[in-house]
Structures are given as structure tokens and as C-alpha cells.
Amino acid sequence: MTQVLESYQTEDGRTIGDVVLDLKNITLRFGGVEAIKNISFNIRQGEIRAIIGPNGAGKSSMLNVISGFYTPQEGEVWFNGKPRAPLRPYQVARQGIARTFQNIALFEGMSVLDNVMTGRLNHMKSGMLSQAIWKGKAEREEIENRERVEHVIDFLEIQSIRKTPVGRLPYGLKKRVELARALAAEPNLLLLDEPMAGMNVEEKEDMSRFILDVNDEFGTTIALIEHDMGVVMDLSDRVVVMDYGRKIGDGTPDEVRSNQDVIDAYLGVSND
Amino acid sequence: MSADFLYGVEVVINGLMSGVMYALVALGFVLIFKASGIFNFAQGVMALFSALTLVGIMEGQVPFAHLINAIFGTHIHNFGWEVPALLAIFLTVLVMVAFAWAVQKFLFRHLVGQEPIILFMATIGLAYFLEGIGDLMWGSEIRTLALGLPQGGARFIEDATAGLGGDDFYGFFIDKLDIVASIVAIILVASLVIFSQYTKHGRAMRAVADDHQAALSVGISLNFVWVLVWSLAGIVALVAGVMWGAKSGVQFSLSLIALKALPVLMLGGFTSIPGAIVGGLIIGVGEKLFEYLIGPMVGGATENWFAYVLALLFLVFRPQGLFGEKIIERV
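Just so you know, the protein sequences line up as chains A and B, in that order. Going by the numbering used here, the final residue of the first sequence carries number 272, and the count climbs one at a time with no gaps. Going by the numbering used here, the final residue of the second sequence carries number 1331, and the count climbs one at a time with no gaps.
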């Protein structure tokens, strides 16, 4: 079992707090295939936690377990110190866990602004009737929501495309809009599934900067999956390494880098 | 202006009005198709069922009377009261919402992720089931809908326009019921648009129509939205059922209006609300004008097939319809 440490300060002065999400002995099967084999690890308040591993290691499945898209056959998910009953994805989202997808899931027919606004749906309290009757209250709420949305849009530097239908945007920008939508929800925990997949160097640098800024400015806890080792090592506070559904390493980037199992499985055995 | 031309105008006006009726039916299809990808064959039967329910409630009829009498040997048919129209409409809406919930809970929840053809087959089953339930609940006689909607030609329009085209022209003949139907349809569409653009649940509805996975990730319950959409389709069906039922009585043939909606959908596209309306209007005007201009040369009765031929032409030249999303396959 992972030891629960006291909260501590990172070198750059951020505070890493208690455990937010604790995964205990998770096993996930698809028929006879075990995608995740008895994995435990935790995510602490305010940290950037990376999950890495070769293709097919079960990283995305892990993220899908956290966000409720998959229900593990064994093991428990603890969120905010309590065991979490199996939830549907929309219920997980309502608990304050937002996510992005490997292959981008945006509302292609809507404008960037509308897409980001959907991130606020859970913060809209007034229902259909009260919106019709108490126009004032609904309007105030709408203004509050718009403020947050505009802030996020400014923050991610997508003001210039706010009215553009998402379907027309290039890939890199779509990824950013998806991040904006997730951020608009003011999540406690943000899950990013390969936020830099398919990007060029410049776009990757932008995205890395945004991830760091989000973590720094909003204090958002982030769990991300990424292939690019360099990026992961620079960004994250702690790294989980998976291979064939098993956890083979867990620790700071330096610890992971010097772990022989990780070097063998992920970076390949060197022959010199 | 010559009288012939003015009669042509009258034909166009009447075409627009019947187009509105087609659009009403098509609208129900579009709502469900957009949000869930289900082509709801039962939409026509829903119109029949809702109209039957409305008549039944208004007349204070006991639902399932035959069944109850057969089991318990009683002879009840009526509660002996009459329900005012507005209250009856409200109750019927509740019945349609309950129906929407039941459809989602007992049918489509179990079919999530199935092939479109399976979902389509399920709606065919649903259509026959609902037809049977309608019979069982309210009986199978032809019913008249006594909502007190105005009937017959609008005399004032006729009087006001008489003589415009010389002595041969007796004024525009426009059915009052058609005018009412158009107004109701405009209100219905306007409120649907406002609902989907400016309310929380409307946003959720559009989100689900666009991308299920993304909708889930922002905390939208698909089940809830689907119940909502089926409820809206039920209300649209009720409006269509009332308008058509007031015209020709509430009877089985009401369920066949669904077939009239098919060509409208081909024209307008399956996913576009404006498409359903414009498609309905084009078909309404098209079939009336065609009958008026070409009909006499080919022996009439062109209204039976004109819409389908037009839809076929559209299928060849613009398969996605006027407003549908263009299908571009990226390679």
C-alpha cells in the first residue's frame, strides 16, 4: 500500500496536499483479457501525475476507470477520502472530475464558445421552469458562467476563434478547446488523455505551458497520459509506469528514470 | 390580375398550410433522430395515440374499460364527467411524458450501442404495440375531437378578396382550421427553438445530438436527455394528432401521416429542424400546385405520389437533403 505522506512543497513553491484519488487494487477485464492487473496508486491534491507506458499498456483504460467509462471488476476507487460506488460517466463529471479524450470528443457543430459553455452545465442550477419564470436569477447565473468561460478562453488564448464552429478548427486548436471545456467545469481533478498526441514541437510546447499554468494558477490537480517521455519528465511531479496492464514503476521522474524495469520495458534494453 | 393567377395563389396558400401539417409530423422524427440516431417509425402512431388519449380524457372515458369489464364482469365505460379541454391537454402531455419515460426505461436503454437497423426494428415493434395499447385503452371506434377549433372556410378572407380578379374570382378559400394549425405550429417551433438555444436542458439536448461521449464527459445524463427528447416528440405528436384529428376525425388512418413525413424528411434532411419545416412547405405547395397545373393533364390524383417522386429526385441529386449534414468521408 502506498504510504500517505504529509503535504509538502515542491521546488517551484507549489503545495502538494493530501490524496485526492486513491486507486486500490484495480483489475479490469474485457472478456478473458486483463487490461489492468491489480494496480494501486494515488493522486495528491495539486500535483501533476503522469501515467506512461508503451502502447496497449492499459493507460487509457486506467483513465476510463477513473472517469467512469469503465467499471473495474475488482478494486476500489477512493475519491476525497471516501470509497466511490460504481458511477456512470456523467455522475463522475458531476463530482468534479473533468477529462479530455485521446481522439478529441467535441461538439463539432457548435461554436468554440458554446462548446466551452457546455462545461458549465453542472454549474447551472436553475431548471427549465425557473429559467422561464425567474428570468433575473437565471440571467445572473448565466453571467457568472460566462465570466468563468471568458476567463478560461483568455487563459488558453483562444479569443480569436471563439465564434468559429469547432468542426473547422485544426487539430491542435481542437485539443486546446477540449482543454478549455474541461477547465470551464472548475474540476477538482483534470484527466488528460494524451493531450499532445499528434502535435508538432511548437504545439507541444504550448500545451505543456498551458498544463503547467493551469496547475499553477487554478491549483487544479492533473492526471495525464502521454507518450512523449521528455514532456512527461519535465511536466510531472510523479509518474506511474504501466506495461501489459501491470504497474512497473511509480515515483518522481528521476526515480522512474533510473528504475531498471522501466528502462527495460519502456525505453528498451540498451546493448552497450 | 387574372382570375387564373389568383386561383394559383390560392393553391399556393393552401399548399403552405398543408405543408405546415406535414412539417409538424416531420418535426417529431427529426427531434428523436438528431438526439439518438433512432428513426422513430412509431411517430405516426404516437400522434394517433395522443389524440385518442385526449379524446378519451375529455369525454371522461374509463381507460381499459373493455379489459376491466371482461375480467371483473362490470359494465363501466364512463366516469360520468367531462374534462375541460385545457386540463385534458395537460393530462395528455403527462401521459406522453410517462410514455417517453417507459420507452427509454424498458426499451432503448437496453439497446444502447446497437445497429441503427435494430433500433429501427424496435420502433416498428413499438408502433404496433402502441397501436394495440391505444385500442385497448380507448376502443377502436372513430372519434370526433370536440376541442371547439374553428372549422370551415374563413368567410372574411373570402369576402375581402372577392372580385380581385374580376367577376370570375370569388375570393380565396382558406380553411380556418388550417390557419389555426399554422399559428400553433409557429408557436410550437418558436418555443422549441428558444428551449434548445437558451435553456440548460436545451443545451444538453444539442450536446447529446452532437457527440455522446463528449456529452457524458461534461456531466450530461444521456438517459435523461433521451426521455426529454421522446417527451418533446410526444408533445409534437399530440399537436399533430390534434390538428389532423380535428380535420378528419381521430381514427386509425391518423397513424399513416407518418408516411407523409418521409418525403419531407428526404427533402429537409433527417437532422435539421428548419429542414423539416421548409421540406414540409415545399412538399405541401409542390403537390397542390402540381395537382392544379399538371393534374388535369394526367387524370388527377397526383397528390398520392408527387411527394415521393420529388423525394426520389432529391435522393439522387442531394442525398443529405436541403439542410442535412453533408456526408464527407475523409480518407
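Beta carbons are placed, not taken as given, at the ideal position from N, Cα and C, and that holds for glycine. Since this is a predicted model, take the numbers as computed values, not measurements.
Inset, instruction - Could you work out which residue in A:H227, A:R246, A:V256 is closest to V239 (chain A) when comparing CA atoms only? - result: Translated into positions along the first sequence, residue 239 (chain A) becomes position 239. The residue with the shortest Cα to Cα distance from V239 (chain A) is A:V256.
Legend entry - Burial state of T1302 (chain B), where buried means 16 or more other Cβ atoms lie within 10 Å: Taking the second sequence and counting its residues from 1, the one referred to as residue 1302 (chain B) is at position 302. Per the 10 Å Cβ criterion, buried.
Legend entry - 9 Å Cβ cut-off: residues of chain A touching A1204 (chain B): For the purposes of this step, residue 1204 (chain B) is identified with residue 204 of the second sequence, where counting begins at 1. The contacting residues are T118, L121.
Legend entry - Residue range of the unbroken beta strand (DSSP E) whose run includes R99 (chain A): Locating residue 99 (chain A) in the first sequence gives position 99, where the first residue counts as 1. R99 (chain A) -> beta strand (DSSP E) spans 97-99.
Legend entry - V241 (chain A) classed as buried or exposed, judged by whether at least 16 other C-beta atoms fall within 10 angstroms: Counting from one through the first sequence, the residue named residue 241 (chain A) turns up at place 241. Under this definition V241 (chain A) is a buried residue.
Inset, instruction - Compile a chain-ordered list of the residues in the segment 1217-1251 of chain B whose CB is closer than 7 Å to at least one CB of chain A. - result: Answer set for the segment 1217-1251 of chain B: S1217, V1218, G1219, I1220, S1221.
Inset, instruction - Give the DSSP-derived three-state secondary structure of T2 (chain A) in the structure shown. - result: Position 2 of the first sequence, counted from the start, is the residue given in the question as residue 2 (chain A). Any reading at T2 (chain A) must be qualified, since the residue scores a pLDDT of 46, below 50, and its modelled position is unreliable; no value is offered.
Inset, instruction - Could you say if the segment 1241-1255 of chain B and the segment 1033-1052 of chain B meet the contact criterion of at least three C-beta pairs nearer than 8 Å? - result: yes
Legend entry - Cβ of R146 (chain A) within 8 Å of any chain B Cβ: Counting from one through the first sequence, the residue named residue 146 (chain A) turns up at place 146. No, its Cβ sits nowhere closer than 8 Å to a Cβ of chain B.
Legend entry - Contact check, A1240 (chain B) vs G1028 (chain B), beta carbons under 8 Å: Against the second sequence, residue 1240 (chain B) aligns to sequence position 240. Against the second sequence, residue 1028 (chain B) aligns to sequence position 28. For A1240 (chain B) and G1028 (chain B), yes; Cβs fall inside 8 Å.
Inset, instruction - Tell me, please, whether the CB atom of A1207 (chain B) is closer than 8 Å to any CB atom in chain A? - result: Here residue 1207 (chain B) refers to the residue found at position 207 when the second sequence is read from its first residue. True, the Cβ-Cβ gap to chain A drops below 8 Å.
Inset, instruction - For T2 (chain A), count neighbouring C-beta atoms within 10 Å of its own C-beta (all shown protein chains included) and say buried if the count is 16 or more, exposed if not. - result: Within the first sequence, residue 2 (chain A) is the residue found at index 2, counting from 1. Low confidence applies to T2 (chain A): its pLDDT is 46, below 50, so where it sits in the model is not reliable enough to give any reading.
Legend entry - heavy atom of the ligand SAM below 7 Å from P253 (chain A) C-beta: Absence of the ligand SAM from the depicted structure is noted, as is the absence of any ligand whatsoever, leaving it without description.
Inset, instruction - State the DSSP-derived secondary structure class of M242 (chain A), mapped to helix, strand or coil. - result: Against the first sequence, residue 242 (chain A) aligns to sequence position 242. Three-state DSSP puts M242 (chain A) in a strand.
Inset, instruction - Look at the alpha carbon of R1143 (chain B) and the alpha carbon of L1054 (chain B), and state the distance between them as a whole number of angstroms. - result: Translated into positions along the second sequence, residue 1143 (chain B) becomes position 143. Translated into positions along the second sequence, residue 1054 (chain B) becomes position 54. When rounded, the distance between both Cα atoms is 11 Å.
Inset, instruction - Check N188 (chain A) in the structure and name its three-state DSSP category. - result: Counted from its first residue, the first sequence places residue 188 (chain A) at position 188. In the structure shown, N188 (chain A) sits in coil (DSSP, three-state: anything other than H, G, I, E or B).
Legend entry - Neighbour-count burial assignment, T1074 (chain B), 16 or more Cβ in a 10 Å radius: For this step, residue 1074 (chain B) is matched to residue 74 along the second sequence. Flag for T1074 (chain B) reads exposed.
Legend entry - chain A within 8 Å of K1105 (chain B), Cβ atoms only: Taking the second sequence and counting its residues from 1, one reaches residue 1105 (chain B) at position 105. No, no contact with chain A.
Legend entry - Cβ neighbour criterion (16 or more within 10 Å) applied to M196 (chain A): Taking the first sequence and counting its residues from 1, the one referred to as residue 196 (chain A) is at position 196. With 16 or more other Cβ atoms within 10 Å, it is buried.
Inset, instruction - Pull up the distance between the alpha-carbon of F101 (chain A) and that of T220 (chain A), whole angstroms please. - result: Sequence index remark: in the first sequence, residue 101 (chain A) carries index 101 (1-based). Sequence index remark: in the first sequence, residue 220 (chain A) carries index 220 (1-based). Rounded to the nearest angstrom, the two C-alpha atoms are 18 Å apart.
Inset, instruction - Over the uninterrupted alpha helix (DSSP H) stretch that includes F1072 (chain B), give me the two end residues. - result: For this step, residue 1072 (chain B) is matched to residue 72 along the second sequence. That run of the alpha helix (DSSP H) goes 1065-1072.
Legend entry - Whole-angstrom distance between A1102 (chain B) and V1112 (chain B), CA atom to CA atom: Position 112 of the second sequence, counted from the start, is the residue given in the question as residue 1112 (chain B). Position 102 of the second sequence, counted from the start, is the residue given in the question as residue 1102 (chain B). Distance between the alpha carbons of V1112 (chain B) and A1102 (chain B) is about 15 Å.
Legend entry - Limits of the beta strand (DSSP E) - the one that S1221 (chain B) falls within: Within the second sequence, the letter at position 221 stands for residue 1221 (chain B). From DSSP, S1221 (chain B) is part of no beta strand (DSSP E); its letter is neither H nor E.
Legend entry - Three CB pairs or more closer than 8 Å across the segment 1091-1105 of chain B and the segment 1060-1079 of chain B: With a cut-off of 8 Å, the segment 1060-1079 of chain B and the segment 1091-1105 of chain B do not count as touching, because too few Cβ pairs lie within range.
Inset, instruction - Starting from the N-terminal side, write out each stretch of the alpha helix (DSSP H) that is 4 residues or longer and does not extend beyond the segment 1090-1160 of chain B. - result: 1116-1138
Inset, instruction - Measure the CB-CB distance between F79 (chain A) and L21 (chain A) and report whether it falls below 8 Å. - result: The count along the first sequence starts at 1 and reaches residue 79 (chain A) at position 79. The count along the first sequence starts at 1 and reaches residue 21 (chain A) at position 21. Taking 8 Å as the cut-off, the beta carbon of F79 (chain A) is found closer than this to the beta carbon of L21 (chain A).
Inset, instruction - Please classify G251 (chain A): does DSSP put it in a helix, a strand, or coil? - result: Along the first sequence, read from residue 1 onward, the residue named residue 251 (chain A) stands at position 251. The answer is strand: DSSP assigns G251 (chain A) an E or B state.
Legend entry - Three-state secondary structure (DSSP) of P1263 (chain B): One-based indexing of the second sequence puts residue 1263 (chain B) at position 263. Looking at P1263 (chain B) - three-state DSSP - the assignment turns out to be helix.
Legend entry - Simplified DSSP state of W78 (chain A), which is helix, strand or coil: Translated into the one-based positions of the first sequence, residue 78 (chain A) becomes position 78. If DSSP states are grouped into helix, strand and coil, W78 (chain A) belongs with the strands.
Inset, instruction - Measuring only between beta-carbons, confirm whether L106 (chain A) sits less than 8 Å from chain B. - result: Taking the first residue of the first sequence as 1, we reach residue 106 (chain A) at position 106. Interface with chain B (8 Å Cβ-Cβ cutoff): L106 (chain A) is included.
Legend entry - Length of the line joining the Cα atoms of D216 (chain A) and R14 (chain A): Start at 1 with the first residue of the first sequence, and residue 216 (chain A) comes out as number 216. Start at 1 with the first residue of the first sequence, and residue 14 (chain A) comes out as number 14. One C-alpha to the other measures close to 7 Å.
Inset, instruction - Taking the CB atoms as reference points, tell me whether L156 (chain A) and R176 (chain A) lie closer together than 8 Å. - result: Taking the first sequence and counting its residues from 1, one reaches residue 156 (chain A) at position 156. Taking the first sequence and counting its residues from 1, one reaches residue 176 (chain A) at position 176. In contact: L156 (chain A) and R176 (chain A) (Cβ atoms closer than 8 Å).
Inset, instruction - Please list the partners that A197 (chain A) has in chain B, where partner means a Cβ-to-Cβ separation under 7 Å. - result: For the purposes of this step, residue 197 (chain A) is taken as residue 197 along the first sequence, with counting starting at 1. Simply none; closest approach about 17 Å.
Inset, instruction - Could you tell me which chain A residues have their CB closer than 7 Å to the CB of A941 (chain B), listed as they occur along the chain? - result: Because chain B in this structure spans residues 1001 to 1331, residue 941 (chain B) falls outside the shown range and cannot be described.
Legend entry - Proximity to D114 (chain A) [Cα-Cα], best of B:E1287, B:L1024, B:Q1197: In the first sequence, the residue the question calls residue 114 (chain A) occupies position 114. Ranking B:E1287, B:L1024, B:Q1197 by Cα distance to D114 (chain A) puts B:Q1197 first.
Legend entry - Whole-number beta carbon distance between L192 (chain A) and I158 (chain A), since they are thought to touch under 8 Å: Taking the first residue of the first sequence as 1, we reach residue 158 (chain A) at position 158. Taking the first residue of the first sequence as 1, we reach residue 192 (chain A) at position 192. With 8 Å as the limit, I158 (chain A) and L192 (chain A) do not qualify as a contact, their Cβ atoms being about 17 Å apart.
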